[in-house]
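What follows is a short report on a single structure.
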Amino acid sequence: MHLRSLTYATATKSYVVYLGEHSHPPAELLSESSVSEIYGQVTESHCDFLGSFMESRDDARNAIFYSYTKHINGFAATIDDDLSAQIARHPRVVSVFENRGKRLHTTRSWEFLGLEHDNVVPSHSVWKDARFGKDTIIGNLDTGVWPESKSFMDDGGYGPIPSKWRGICQNKGDPTFHCNRKLIGARYFNKGYAAAVGRLNATFHSPRDNDGHGSHTLSTAGGNFVPGANVLGYGNGTAKGGSPRARVAAYKVCWPPSGGNECFDADILAAFDAAIHDGVDVLSVSLGGDRTPYFNDSIAIGSFHAIKHGIVVVCSAGNSGPSDGSVSNLSPWLITVAASTMDRDFSNYVITGDGKRFKGASMSQKSLPSKFYNLINAADAKAQNASADQAILCKAGTLDPVKVKGKILLCLRGENARVDKGEQALLAGAVGMILANNMASGNEIIPDPHLLPASHIKYNEGVALFRYVNSTKSPMAQITRVTTKIGLKPAPIMAAFSSKGPNTLNPQILKPDITAPGVSVIAAYTEAQGPTNLGFDKRRIPFNALSGTSMSCPHISGVVGILKTLHPGWSPAAIRSAIMTTATPLDNSVEVILNASSIKATPFSYGAGHVRPNNAMEPGLVYDLGVKDYLNFLCTLGYNETQVSRFSSKPYKCPKSFNLLDFNYPAIAIPNLPGSVSVTRVLKNVGPPGTYMPHIISPHGISVSVKPRKLSFHEIGEERSFKLTFKSLPCSPVEIVRYCSTLESEFSKQLDFKGRDITEDLWGQILDSLGRQSTRCDTGRQQFHFHVTAKRKTN
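Residues in the sequence shown are numbered consecutively from 3, following the working numbering.
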């Protein structure tokens with residue numbers, strides 16, 4: 003017996019004593035009376051256990067305020083620090099931990115981006131200054147919207163619909179579909195789709211979202227505050243969009259896939275046309291296609307017309323990474339968004355029979371008992387007529403149920419959807435699935451809402467697990483319960499699927515422009531589909547976690563919405579500049595952002611860097627562009643005046659001389675540095691008066707100079723130009739190895755005219771690791787940040 007008096011002077015706290023898992027059968031296998039009896043016995047055993055450390059069982063009973071009796075074995079009690087330490091040393095105890103307050107987290111991306119903290123909006127948050135994007139109108143080209151979602155309900159706090167709104171609620175084909183003062187409009191466009199796939203039934207004549215993608219993206223950009231949102235119990239908290247008090251409108255242009263295509267150009271252009279007419283301020287477009295010339299691209303054409311009317315268009319970069327040159331939506335008049343992670347994960351562990359533990363990701367609603375199961379490689383479980391190469395991917399019809407039944411199935415990522423592999427494992431009789439990354443996916447693991455207990459593990463862990471399976475006649479494994487963790491470092495990390503530059507149409511324009519959270523984003527969903535979008539999945543949930551540049555795109559759309567509210571006079575280019583020039587290439591460990599293989603990423607992955615909404619509200623200076631600049635851009639590409647005039651409202655005469663490198667973009671990409679190249683930029687003051695003096699840190703092998711050495715601004719709207727000259731220097735033998743051994747080596751230059759919490763030495767280390775260059779100026783509150791990526795051709 004461990005006796006201890008309760009008459010102590012030290013203060014008591016509440017602690018959780020965790021004892022593992024119960025050995026009793028699950029309640030569904032027992033009668034009601036048996037369940038009650040067992041649960042009572044568990045509670046008494048907890049009192050006995052704690053009582054052995056205290057003066058009496060009665061003292062223990064008074065101290066315990068929770069007895070976990072069903073699946074989790076443990077209790078919570080009010081005790082002091084000394085007693086908790088004694089209990090923690092007992093061999094029956096797994097852990098003892100203080101009952102600290104937890105915060106609710108859904109769409110944690112907005113806290114990760116600094117707009118809130120512990121569900122409280124701090125005074126410096128741009129949300130407060132911009133009134134949460136009040137009355138900005140965000141349109142979304144996607145799969146429609148689920149109007150019954152709380153993210154789109156009129157909560158009574160919205161005033162009259164803005165007078166400029168000219169849209170409609172196109173619900174004639176669906177009388178159950180209703181708009182309101184939050185969801186102020188909805189349209190659908192299917193004629194282009196019908197032309198491709200044939201006659202459509204009645205379900206196609208509604209803007210209702212039967213897929214979930216459109217509801218998710220629209221709510222990420224402009225959804226209401228919705229307390230208690232979660233996905234199958236995970237990520238519980240308050241959902242909200244980037245502009246939570248914005249008005250939203252849905253433009254349904256995407257339909258069930260036909261030949262791999264979902265959204266057709268004719269419908270996309272019709273939607274752009276309608277959205278411009280309706281009076282949207284922001285268009286979020288989480289879709290794209292193959293890289294085509296601008297005149298063959300409905301998004302390029304539609305977005306150009308939108309920016310002419312002051313509408314900011316934000317597009318996804320694509321999910322074809324990590325291949326170089328895979329980025330889409332390359333037009334310089336729109337914002338192209340890459341995807342990266344947050345500091346949150348939904349994780350569990352795979353434990354093998356030989357004691358190894360591999361961390362994985364999952365949002366499986368079901369969990370396995372804490373015991374080992376037989377583990378089988380899916381290739382060894384192939385059906386008679388299937389190949390091992392197909393079976394290991396866990397494709398439909400490739401698995402033999404006799405070999406799989408009752409076991410944990412080990413599948414390889416690739417080709418078919420991750421959730422489809424889970425369905426095939428379940429149909430074959432597996433009790434659980436482990437999904438191992440292929441080499442291309444590296445360390446990127448995604449928590450999916452599988453229909454069975456599952457864990458998604460990294461490539462190296464997968465290699466080790468396959469090796470273990472092949473090393474023993476009776477491989478065993480268990481999959482632990484899923485837990486939610488926040489505050490992870492490093493974050494963000496670039497998603498492996500996020501498409502990368504360089505820009506294959508015009509390498510002088512760096513794409514993507516920016517990165518934002520795009521992995522495991524929780525937002526509104528349709529109730530016409532289960533969370534996996536599989537017909538086999540009969541679950542229905544109001545929120546879901548999705549990944550893709552489709553999810554990162556509306557994050558930037560939401561940021562644009564609040565900047566539109568805060569600075570209604572800014573042009574689309576000025577808003578893009580503010581977002582890009584205040585971004586950071588560093589993660590929350592103050593190191594260069596990594597890619598999914600834990601290698602330092604480059605601007606071809608993240609563009610200007612990770613978005614920082616609060617900084618974007620006061621950029622100081624911006625790189626502005628107007629319609630004439632974009633027409634000149636087209637002229638330099640070789641389009642004749644007749645073609646360029648199609649983008650203009652009247653005949654247009656191309657300038658006799660215009661250097662594409664002088665296009666006033668917030669980034670410069672130099673495809674070839676033959677010797678010396680000069681580049682001109684123009685800065686517009688959008689802040690208080692200030693004087694800016696550059697400090698240059700040149701990379702090895704390149705000299706960089708700036709003229710003039712001082713820029714002074716006295717009033718808002720004032721413009722000043724400067725010239726950068728890049729000169730290639732002879733390479734030393736060491737430099738040849740570092741900079742000239744490959745066909746193209748890159749460097750990036752950043753001019754930051756604001757004091758940072760990053761020392762010059764640290765910048766030097768960061769940029770040396772990338773083979774990049776940074777230029778900074780400290781001038782108090784003002785900021786001008788100039789981002790250059792150059793690719794240097796060598797012989």
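Using N, Cα and C, we set each Cβ at its ideal position, and we do this for glycine too.
Would you kindly work out how many angstroms separate the C-alpha atoms of residue i and residue j, rounded to a whole number?
i, j, result
"residue 294", "residue 260", "21 Å"
"residue 443", "residue 644", "45 Å"
"residue 21", "residue 451", "28 Å"
"residue 11", "residue 491", "Residue placement at residue 11 is poorly supported in this model, since its pLDDT is 40, which falls under 50; the coordinates are not used for a value here."
"residue 764", "residue 590", "A caution first: residue 764 carries a pLDDT of 43, below 50, which makes its placement in the model unreliable, though a value can still be read off. Approximately 14 Å, taken between the alpha carbons."
"residue 580", "residue 685", "12 Å"
"residue 772", "residue 671", "Its pLDDT being 39, under 50, residue 772 is placed unreliably in this model, and the value from its coordinates should be taken loosely. Roughly 16 Å separates the two Cα atoms."
"residue 243", "residue 219", "9 Å"
"residue 721", "residue 512", "23 Å"
"residue 354", "residue 470", "8 Å"
"residue 301", "residue 25", "59 Å"
"residue 534", "residue 63", "45 Å"
"residue 292", "residue 728", "33 Å"
"residue 607", "residue 77", "47 Å"
"residue 560", "residue 139", "10 Å"
"residue 508", "residue 310", "22 Å"
"residue 447", "residue 417", "16 Å"
"residue 207", "residue 221", "22 Å"
"residue 350", "residue 414", "18 Å"
"residue 42", "residue 35", "11 Å"
"residue 1", "residue 201", "Since the displayed the chain opens at 3 and closes at 797, residue 1 lies outside it and no answer follows."
"residue 223", "residue 316", "11 Å"
"residue 37", "residue 49", "19 Å"
"residue 58", "residue 14", "17 Å"
"residue 571", "residue 680", "32 Å"
Between which residues of its own chain and residue i is the CB-CB distance below 7 Å, once the five residues before and five after are set aside?
i, result
"residue 89", "19, 55, 95, 98"
"residue 304", "270, 271, 274"
"residue 514", "319, 329, 338, 339, 340, 503, 609"
"residue 157", "226"
"residue 480", "353, 370, 372, 373, 374, 375"
"residue 432", "406, 409, 410, 411, 454"
"residue 398", "426"
"residue 356", "470"
"residue 489", "345"
"residue 664", "681, 682"
Tell me which residue opens and which closes the beta strand (DSSP E) that residue i is part of.
i, result
"residue 485", "485–488"
"residue 512", "No beta strand (DSSP E) holds residue 512; DSSP gives it neither H nor E."
"residue 233", "228–233"
"residue 660", "No beta strand (DSSP E) contains residue 660, which DSSP labels as neither H nor E."
"residue 480", "478–481"
"residue 519", "516–519"
From what residue to what residue does the alpha helix (DSSP H) around residue i run?
i, result
"residue 458", "No alpha helix (DSSP H) contains residue 458, which is instead part of the beta strand (DSSP E) from 456–459."
"residue 450", "Segment: none, residue 450 is in no alpha helix (DSSP H) and carries neither H nor E."
Only counting the same chain, and skipping five residues up and downstream in sequence, which positions put a Cβ closer than 8 Å to that of residue i?
i, result
"residue 205", "212"
"residue 677", "729, 730"
"residue 47", "none"
"residue 179", "149, 171, 173, 188, 208, 209, 210"
"residue 281", "139, 164, 166, 167, 168, 169"
Within the same chain, show all residues whose beta-carbon is closer than 6 Å to that of residue i, passing over the 5 residues directly before and after it, in chain order.
i, result
"residue 146", "209, 210, 211, 216, 252, 254"
"residue 707", "727"
"residue 625", "579, 666, 668"
"residue 182", "156"
"residue 812", "Since the displayed the chain opens at 3 and closes at 797, residue 812 lies outside it and no answer follows."
"residue 403", "430, 431"
- Item | Three-pair Cβ contact test at 8 Å for the segment 489–499 versus the segment 317–327 | Yes, the segment 489–499 is in contact with the segment 317–327.
- Entirely enclosed beta strand (DSSP E) segments - the segment 13–57, minimum 3 residues: 14–23
- Output the residue ranges of the beta strand (DSSP E) runs that lie fully inside the segment 543–597 and measure 3 residues or longer, sorted by chain position. 545–548
- Item | Inter-stretch contact (C-beta, 8 Å, three-pair minimum) for the segment 202–217 and the segment 525–543 | yes
- Contact the segment 621–640 vs the segment 360–371: 3+ CB pairs below 8 Å: no
- Task: With a floor of 3 residues, list each beta strand (DSSP E) that falls wholly inside the segment 286–360, ordered by position along the chain.
- Result: 314–318, 337–342, 346–354
- Task: Evaluate the contact criterion for the segment 552–571 versus the segment 653–670: three or more CB pairs, one atom per stretch, below 8 Å.
- Result: no
- Item | Complete runs of the beta strand (DSSP E) confined to the segment 173–217 [at least 3 residues] | 185–190
- Just list the alpha helix (DSSP H) runs in the segment 367–401, keeping only unbroken ones of 4 residues or longer that don't cross its boundaries, in chain order. 390–393
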